[in-house]
Amino acid sequence: MTCPDLYIGASRAAAPPSPFWTNPAIAPPSTNLEQGVAVTINVSVRNHGSDDSPATTLQLFYSDPQTGFSTIGQIGSNQTITVLGATTLPVADGIVTTPFGWTPPAAATLPNGGHVCLLARVRMQTDPPDSEGINCVQEIYGANPPTDKLQGIRNIHVYAPAGAKKGRRKAMQFAFGAMNNLPDTDKTVLQVKLLDPQQDIEALEALADDAVVDQALRARRLKFAVPNALLVGTGRERVQNTRFRAYLKAAAGTELPCPPRLSRTGPIAGDVLPHLMAPGTKLADAQGALQLSLNPGEISQTIVQVEPCKRDDAVYAVQISHAGADGRPIGGLTILFVPPHDYF
Numbered sequence: 031m032t033c034p035d036l037y038i039g040a041s042r043a044a045a046p047p048s049p050f051w052t053n054p055a056i057a058p059p060s061t062n063l064e065q066g067v068a069v070t071i072n073v074s075v076r077n078h079g080s081d082d083s084p085a086t087t088l089q090l091f092y093s094d095p096q097t098g099f100s101t102i103g104q105i106g107s108n109q110t111i112t113v114l115g116a117t118t119l120p121v122a123d124g125i126v127t128t129p130f131g132w133t134p135p136a137a138a139t140l141p142n143g144g145h146v147c148l149l150a151r152v153r154m155q156t157d158p159p160d161s162e163g164i165n166c167v168q169e170i171y172g173a174n175p176p177t178d179k180l181q182g183i184r185n186i187h188v189y190a191p192a193g194a195k196k197g198r199r200k201a202m203q204f205a206f207g208a209m210n211n212l213p214d215t216d217k218t219v220l221q222v223k224l225l226d227p228q229q230d231i232e233a234l235e236a237l238a239d240d241a242v243v244d245q246a247l248r249a250r251r252l253k254f255a256v257p258n259a260l261l262v263g264t265g266r267e268r269v270q271n272t273r274f275r276a277y278l279k280a281a282a283g284t285e286l287p288c289p290p291r292l293s294r295t296g297p298i299a300g301d302v303l304p305h306l307m308a309p310g311t312k313l314a315d316a317q318g319a320l321q322l323s324l325n326p327g328e329i330s331q332t333i334v335q336v337e338p339c340k341r342d343d344a345v346y347a348v349q350i351s352h353a354g355a356d357g358r359p360i361g362g363l364t365i366l367f368v369p370p371h372d373y374f
């Protein structure tokens with residue numbers, strides 16, 4: 031017998047997965063939620079140890095799409111679960127899938143166009159019983175979700191505007207917050223990368239294996255492609271979380287204070303884009319890394335733009351990663367741009 035070994039992920043080796051913000055153990059029905067429309071978000075917790083877990087608390091939170099997760103609100107209430115131990119015949123980790131019912135309010139969807147980032151976390155309520163002379167210890171999530179098996183982040187967004195005869199070749203924009211959640215540096219690096227179907231096949235296969243992504247793309251039989259251009263720029267908004275240190279302290283506790291938010295993230299219409307750009311700036315080619323000087327807890331509005339090619343069956347996958355200048359991970363998100371369908 032072995033002590034309980036809980037994790038949020040598809041397997042113990044992929045907890046967290048790579049990239050860590052693509053955790054498939056968090057399964058919303060769509061990446062685009064609507065105000066007032068009830069949804070069920072399933073969260074799966076697994077146990078790699080052969081002993082059952084003690085009573086364990088499972089929580090689910092949401093944030094606007096941004097790189098450093100900062101809780102905007104909790105979805106549902108705390109759930110108490112017990113995860114059965116792994117078995118040898120058949121060889122399988124124990125698993126429990128918990129549904130969280132949620133009717134998103136306007137405050138959750140209006141600033142981000144219905145695109146939210148999700149974070150789940152677990153903590154045992156007590157120490158497990160000792161296992162055959164081994165002292166089993168209580169497992170509690172830590173303050174660093176990117177490297178924590180007891181936390182999972184899902185920050186994948188499919189942006190697919192409705193089809194129209196005119197304008198389907200127009201550029202598509204998506205705004206997110208580049209947040210520095212490192213407490214001791216203001217030097218960060220943002221990388222915006224197109225996942226090329228010729229060079230990044232493994233990453234795209236992993237993305238297509240995601241059930242929510244597959245459902246969103248399957249109906250039109252879309253294929254990953256290279257756009258005419260991929261651009262990135264800085265928006266005019268910046269907010270500072272003055273309670274950031276309190277947030278870090280609470281990250282291993284029971285409550286997270288709500289930080290300030292950007293007023294606009296998610297899909298951005300072309301006529302709105304000029305009003306969001308910082309004075310004197312414009313979108314530029316996304317090649318190379320973008321150096322961002324951000325105070326700890328500061329969030330900078332950032333905009334990614336894709337210029338579609340002529341193919342009607344194309345989808346463009348953009349992977350955004352954010353780290354400290356020393357390589358410490360901050361966060362990231364993946365955006366799939368689907369141009370409107372040509373009905374004519």
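Residue numbers (the working numbering): 31 to 374. Note that the Cβ used here is the ideal one computed from N, Cα and C, for glycine as well.
So if DSSP puts residue i in a beta bridge, which residue, or which two residues, is it bridged to?
i, result
"Lys-217", "Ser-323"
"Ala-205", "Gly-296, Ile-333"
"Ile-350", "Val-222, Leu-363"
"Phe-254", "Val-345"
"Thr-117", "Ala-122"
"Ile-164", "Ser-161"
"Glu-328", "Gln-270"
"Gln-104", "Phe-91"
"Thr-52", "Arg-184"
"Ala-57", "Asn-72"
"Gln-96", "Gly-207"
Return helix, strand or coil for residue i, following the three-state DSSP convention.
i, result
"Glu-169", "coil"
"Ala-236", "helix"
"Asn-77", "strand"
"Pro-129", "strand"
"Ala-40", "coil"
"Asn-72", "strand"
"Thr-177", "helix"
"Ile-231", "helix"
"Asn-142", "helix"
Classify residue i as buried or exposed, calling it buried when 16 or more other Cβ atoms lie within 10 Å of its own Cβ.
i, result
"Arg-76", "buried"
"Gln-229", "exposed"
"Ala-347", "buried"
"Asn-165", "exposed"
"Leu-247", "buried"
"Val-336", "buried"
"Val-121", "exposed"
"Asp-35", "buried"
"Gln-89", "buried"
"Thr-284", "Unreliable placement is indicated for Thr-284, whose pLDDT of 47 sits below 50; no coordinate value is reported for it."
"Thr-97", "buried"
"Thr-177", "exposed"
Locate the alpha helix (DSSP H) running through residue i, then write down its first and last residues.
i, result
"Pro-304", "303-306"
"Gln-245", "241-248"
"Thr-139", "136-139"
Output the distance between the C-alpha atoms of residue i and residue j, rounded to the nearest integer angstrom.
i, j, result
"Thr-32", "Asn-53", "26 Å"
"Gly-300", "Arg-251", "26 Å"
"Leu-234", "Gly-163", "45 Å"
"Ile-365", "Thr-156", "39 Å"
"Ala-282", "Cys-339", "Confidence in Ala-282 is poor, its pLDDT being 47 and thus under 50, which makes the residue's placement unreliable; the coordinate value appears in the next sentence. The straight-line gap from Cα to Cα measures roughly 46 Å."
"His-78", "Thr-128", "18 Å"
"Ile-329", "Leu-119", "49 Å"
"Asn-142", "Asp-82", "40 Å"
"Asp-342", "Ala-190", "13 Å"
"Arg-199", "Pro-369", "7 Å"
"Gln-331", "Ala-316", "16 Å"
"Gly-66", "Gly-131", "12 Å"
"Pro-359", "Tyr-373", "43 Å"
"Gln-221", "Gly-361", "11 Å"
"Pro-227", "Phe-367", "14 Å"
"Pro-47", "Leu-237", "12 Å"
"Ile-105", "Glu-64", "15 Å"
"Asp-356", "Asn-210", "13 Å"
"Pro-159", "Asn-108", "23 Å"
"Gly-327", "Ala-255", "35 Å"
"Leu-212", "Pro-84", "33 Å"
"Val-126", "Thr-295", "33 Å"
"Ala-138", "Val-188", "18 Å"
"Val-152", "Arg-184", "15 Å"
At what residues does the beta strand (DSSP E) containing residue i begin and finish?
i, result
"Thr-86", "86-93"
"Thr-264", "259-270"
"Ala-316", "Premise fails: Ala-316 is in no beta strand (DSSP E) and is neither H nor E."
"Cys-147", "147-154"
"Ile-111", "109-111"
"His-187", "186-189"
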